[in-house]
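Undergrad: Residue numbers (our numbering): 18 to 517.
#1: With a cut-off of 8 Å on the beta carbons, I'd call residue 165 and residue 192 a contact; round off their distance for me.
#2: Compute the Euclidean distance between the alpha carbons of residue 278 and residue 163, then round it to the nearest angstrom.
#3: Do you know how far the Cα of residue 410 is from the Cα of residue 359?
#4: The alpha helix (DSSP H) that contains residue 88, what's its start and end?
#5: So for residue 197, helix, strand or coil by DSSP?
#6: Please list the segments of the beta strand (DSSP E) lying wholly inside the segment 127-159, counting only runs of 3 or more residues, in order along the chain.
#7: Measure how close the beta-carbons of residue 483 and residue 236 come, nearest whole angstrom, since I'm counting them as under 8 Å.
#8: Answer with buried or exposed for residue 196, where buried requires no fewer than 16 other C-beta atoms within 10 angstroms of its C-beta.
#9: Please list the terminal residues of the continuous alpha helix (DSSP H) segment that includes residue 228.
#10: Would you mind sorting residue 437 into buried or exposed? The rule is 16 or more other CB atoms within 10 Å of its CB.
#11: Using 8 Å as the threshold, is the segment 304-313 in touch with the segment 268-286, meaning 3 or more CB pairs across them?
#12: Measuring alpha carbon to alpha carbon, tell me which of 330, 422 and 285 ends up nearest residue 378.
#13: Name the one or two DSSP bridge partners that residue 76 has.
#14: According to the neighbour-count rule (16 or more other Cβ atoms, all chains shown, within 10 Å of its Cβ), is residue 94 buried or exposed?
#15: Given a cut-off of 8 Å, decide if residue 49 and residue 251 are closer than it, judged by their beta-carbon atoms.
#16: Whose C-alpha, out of 497, 458, 503 and 453, is nearest the C-alpha of residue 481?
#17: From which residue to which residue does the beta strand (DSSP E) around residue 43 run?
#18: Within the continuous alpha helix (DSSP H) that includes residue 350, where are the two ends?
#19: Taking only three categories from DSSP, how would you classify residue 58?
#20: Could you name each continuous beta strand (DSSP E) segment of 3 residues or more that falls completely within the segment 460-502, going from the start of the chain to the end?
#21: Look at the alpha carbon of residue 55 and the alpha carbon of residue 199, and state the distance between them as a whole number of angstroms.
#22: Using the Cα positions of residue 21 and residue 59, report the straight-line distance between them to the nearest angstrom.
#23: According to DSSP, is residue 517 part of a helix, a strand, or is it coil?
#24: Judging by CA-CA distance, which residue of 353, 389, 373 and 349 is the nearest neighbour of residue 365?
#25: Could you check the C-alpha separation between residue 18 and residue 51 for me, to the nearest Å?
#26: Return yes when the Cβ of residue 217 is within less than 8 Å of the Cβ of residue 486, no when it is not.
#27: Looking only at its chain, what residues have a beta carbon closer than 7 Å to the beta carbon of residue 530, apart from the 5 residues adjacent to it on each side?
#28: Who are residue 34's beta bridge partners in DSSP?
#29: Could you give the distance in angstroms between the alpha-carbon of residue 469 and the alpha-carbon of residue 72?
#30: Using 8 Å for Cβ pairs, my map puts residue 245 next to residue 176. What's the rounded Cβ distance?
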């Protein structure tokens, strides 16, 4: 953590600014352990300056008509699209995911910019005249002030873009703390936003770890906090932010199931589950980590094993790689520990990725694809989110028992059902207690004009990311009730005509 070389700058007042921090955090390439750069642990004085800069800038930005704010986002959208390949390669280097996964990371973020470009419609209020004699009521949506965002390592572009475009389009200033493991994509986005014409101070970036998180949760000028990450940190952020009177939305952990009925299209189901389980090395909150084979679908297990075994592990920068490295040595050790504990408890590692050796990358944080069978709900691999390229398999005799299993899980991020039966699909989507449901779709991520509707232990807060719910999170409703009694007058001096 000691600052032995020049560190990544902060970003505020519309420009990069060197930090005076005496400590920094190493950013390592997870495939090679190469030191890429260092992230400064922003000082208290610098964090205060960043928030003051955002607060001052927001006072002017809120007065800019919404259609003019959106025009800046239109330019930003074009610039991000032009730079998408460069951003994606920065993600590959720092996060380790494959180039196709990194391309998707950027593209999904761009879709949220497009959603925010419709903000003039999203921010429209409501009105009703003559609620009583000569009385009308109007509601308007106004910005809150300064919004803070705390982003995770697994989507370096998408998650900041879940937050920033909607925050600024609604007239707020936005202060981001990107993951200290993958900061470059966020810095690139900030530079592009300034180039697009976003005023200085409206999109600021501070760096650091726990101290930076606590600062954002505590500072009185920060009106709301958005967080995506682990359950333990999410609960800390939510409790601390709300104790300080802030709005807070936290997307957290998951345990996503794919339920397979024997009438399903076998290739579609297996390919979908493998992609959802092992893509991005399983390091995403919508990854399928449990496959529930119902009835005779258990006979597909040998084919599932066969397809998992041929997945290629390597550097995400290599074109032939299917599974890149995990983000850190600690993450790898945790995943291996969960797998080992589950095998000791009776699970079978039908495909065992522990200890895999990858030629040319002996120092990489690699876990090979792992397929665990004979799993029970009491095992660590089922109770914990592994957050790695590991898939648990559970066999059950009926759809009803599969629904009971999923509903008993405390998490509610996503779930999928593979079937050709409309009746089975109807029963499943009606009875399942999970916020996002895919029918023959392994990763049911809604497009931004809907909202991210995770439930149960996967979310804290009353609002959801993007969609109409996100507009509500970033704005304050103001209601105006007015009464105007018109009295006919013949005295010209009392008449005031100011119309065209």
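Heads up, the beta-carbon is just placed ideally off N, CA and C, and yes, glycines get one too.
Note that the structure is a prediction, hence the values are computed from the model and not measured.
TA: Reading off the structure:
#1: Here residue 165 refers to the residue found at position 148 when the chain shown is read from its first residue. Here residue 192 refers to the residue found at position 175 when the chain shown is read from its first residue. That pair is a contact at about 5 Å.
#2: As a working note, residue 278 is residue 261 in the chain shown. As a working note, residue 163 is residue 146 in the chain shown. C-alpha separation (whole angstroms): 48 Å.
#3: What you label residue 359 is simply residue 342 of the chain shown in a count that begins at 1. What you label residue 410 is simply residue 393 of the chain shown in a count that begins at 1. Whole-angstrom Cα-Cα distance: 12 Å.
#4: One-based indexing of the chain shown puts residue 88 at position 71. Segment 83-99, the alpha helix (DSSP H) holding residue 88.
#5: Along the chain shown, read from residue 1 onward, the residue named residue 197 stands at position 180. Of the three classes helix, strand and coil, the one that applies to residue 197 here is coil, per DSSP.
#6: 143-149
#7: Looking up residue 483 in the chain shown gives position 466. Looking up residue 236 in the chain shown gives position 219. With 8 Å as the limit, residue 483 and residue 236 do not qualify as a contact, their Cβ atoms being about 25 Å apart.
#8: As a position in the chain shown, residue 196 is number 179, starting the count at 1. The residue is buried, with at least 16 neighbouring Cβ atoms inside 10 Å.
#9: Residue numbering aside, residue 228 sits at position 211 when the chain shown is read from its first letter. DSSP places residue 228 in the uninterrupted alpha helix (DSSP H) bounded by 227-235.
#10: Numbered from its first residue, the chain shown carries residue 437 at position 420. Classification of residue 437: exposed, given that the 10 Å Cβ count is below 16.
#11: yes
#12: Within the chain shown, the letter at position 361 stands for residue 378. Of 330, 422 and 285, the residue nearest in Cα terms is 330.
#13: Translated into the one-based positions of the chain shown, residue 76 becomes position 59. The partner list for residue 76 (beta bridge, DSSP) is empty, contrary to what the question assumes.
#14: Locating residue 94 in the chain shown gives position 77, counting from the first residue. Classification for residue 94: buried.
#15: By 1-based counting over the chain shown, the position of residue 251 is 234. By 1-based counting over the chain shown, the position of residue 49 is 32. No, these two residues do not count as a Cβ contact at 8 Å.
#16: Along the chain shown, one-based indexing puts residue 481 at 464. Answer by Cα proximity: 453.
#17: The sequence position of residue 43 within the chain shown is 26, counting from 1. That run of the beta strand (DSSP E) goes 41-45.
#18: Along the chain shown, read from residue 1 onward, the residue named residue 350 stands at position 333. 346-361 is the span of the alpha helix (DSSP H), which, as asked, contains residue 350.
#19: Here residue 58 refers to the residue found at position 41 of the chain shown. Note: residue 58 maps to coil in three-state DSSP.
#20: 492-500, all fully within the segment 460-502.
#21: For this step, residue 55 is matched to residue 38 along the chain shown. For this step, residue 199 is matched to residue 182 along the chain shown. Their backbone Cα atoms lie some 10 Å apart in a straight line.
#22: The sequence position of residue 21 within the chain shown is 4, counting from 1. The sequence position of residue 59 within the chain shown is 42, counting from 1. Interpretation of residue 21 is limited by its pLDDT of 48, a score under 50 that renders its predicted location unreliable; no figure is taken from the coordinates.
#23: On the chain shown, residue 517 is found 500 positions in, with the first residue counted as 1. Any answer about residue 517 is weak, because its pLDDT of 46 lies below 50 and its placement is not dependable; what the coordinates show is given next. Coil, per DSSP.
#24: Against the chain shown, residue 365 aligns to sequence position 348. Of 353, 389, 373 and 349, the residue nearest in Cα terms is 389.
#25: One-based indexing of the chain shown puts residue 18 at position 1. One-based indexing of the chain shown puts residue 51 at position 34. Legend: pLDDT at residue 18 = 48, less than 50; position of this residue unreliable, value from coordinates given subsequently. Going by the C-alpha atoms only, they are around 15 Å apart.
#26: Counting from one through the chain shown, the residue named residue 486 turns up at place 469. Counting from one through the chain shown, the residue named residue 217 turns up at place 200. Result no, Cβ atoms of residue 486 and residue 217 do not sit closer than 8 Å.
#27: Outside the shown range of the chain, which is 18 to 517, sits residue 530, and nothing can be said about it.
#28: For this step, residue 34 is matched to residue 17 along the chain shown. In the DSSP output, where bridge partners are listed per residue, residue 34 has 27.
#29: Translated into the one-based positions of the chain shown, residue 469 becomes position 452. Translated into the one-based positions of the chain shown, residue 72 becomes position 55. Computed Cα separation, rounded: 28 Å.
#30: By 1-based counting over the chain shown, the position of residue 245 is 228. By 1-based counting over the chain shown, the position of residue 176 is 159. That pair is a contact at about 5 Å.
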